[in-house]
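Numbering (my numbering), first residue to last: 1 to 263.
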């Protein structure tokens, strides 16, 4: 017999708890960044809520208790939640680079130094000598001055590849001058420990690139749900939360160092 509590679970909404709040300046100065984070969060919450609903509906229809492992349809909803959060991180960080890097390159000493290092790789060879052709391209490129042109190249380089790994997030955070020790440790991994962020990307990539199929050769003999990784709702919720929270923490770190005239 299905309990009243089990039957009502499908009617519950879902919201992530304990997420870092945006810096008060974020919506005013970086609205497109915050929209990306907000859209990812809303979509992921809807997907997880739908997972609970799908699980409850299917099990109720079959006369089973709602608790326990989620049905395959519900797990598909959980998978989509993680994809939404990964996409939100990617979009938000790329927009953050485009909006904040030109300002930080002028006001943040660490970012300015990284810009100089990048410029050297663009016009210098391995021996440190200037490559004339590359220098001419910078001098004659579109922009107010060579510095602006180089900043544009740097932004393009950072945006060219998707931010779907902990290493890429670390690279972008470093370019934006994020040096907070706790946040950097949270992003990266050690030789003996994978960060939760790295685990989130690993799961995201298994879903996006492999459809969570672990034994494709057995597809003709076994049901699809039996050859795919099972995703637990608590695990997916934790991974989604980490993707969203790390993104917001990076945004908050950056905006606190942006010049006041950006208001």
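The beta-carbon is built from N, C-alpha and C at its ideal position, and this holds for glycine as well.
In the three-state scheme derived from DSSP, where H, G and I count as helix and E and B as strand, residue 254 is classed as helix. Counting of Cβ neighbours within 10 angstroms places residue 244 among the buried residues, the total reaching 16 or more. Proximity to residue 103 across 158, 151, 59 peaks at 151, based on C-alpha coordinates. Looking from the CA of residue 48, the closest CA among 251, 236, 92 belongs to 236. A Cβ-Cβ distance of about 6 Å is found for the pair residue 166 and residue 187, placing them in contact under the 8 Å criterion.
With respect to the C-alpha of residue 248, the residue from 44, 101, 36, 156 having the closest C-alpha is 36.
If you ignore the 5 residues before and after residue 73, its C-beta comes within less than 7 Å of the C-beta of 54, 58, all in its own chain and listed in chain order. Counting other Cβ atoms within 10 Å of its Cβ, residue 251 reaches 16 or more and is therefore classed as buried. Beta-bridge pairing by DSSP links residue 213 to 228. Judged by DSSP in its simplified three-state form, residue 152 adopts helix.
Judged by DSSP secondary structure, residue 99 falls within the alpha helix (DSSP H) whose first and last residues are 72-107.
Contact between residue 30 and residue 99 holds, since their C-beta atoms are separated by about 6 Å, short of 8 Å. For residue 31, the enclosing alpha helix (DSSP H) begins and ends at 31-61. Residue 17 sits exposed, since fewer than 16 C-beta atoms from the chains shown fall within 10 Å of its C-beta. In this structure, residue 111 and residue 176 form a Cβ contact; the two beta carbons are roughly 7 Å apart against a cut-off of 8 Å.
Taking the Cα of residue 204 as reference, the smallest distance to any Cα among 178, 67, 78, 43 is reached at 78. Within the same chain, and ignoring the five residues on either side of residue 213 in sequence, the residues whose Cβ sits closer than 7 Å to its Cβ are 227, 228. In the structure shown, residue 182 falls within a helical segment according to DSSP collapsed to helix, strand and coil.
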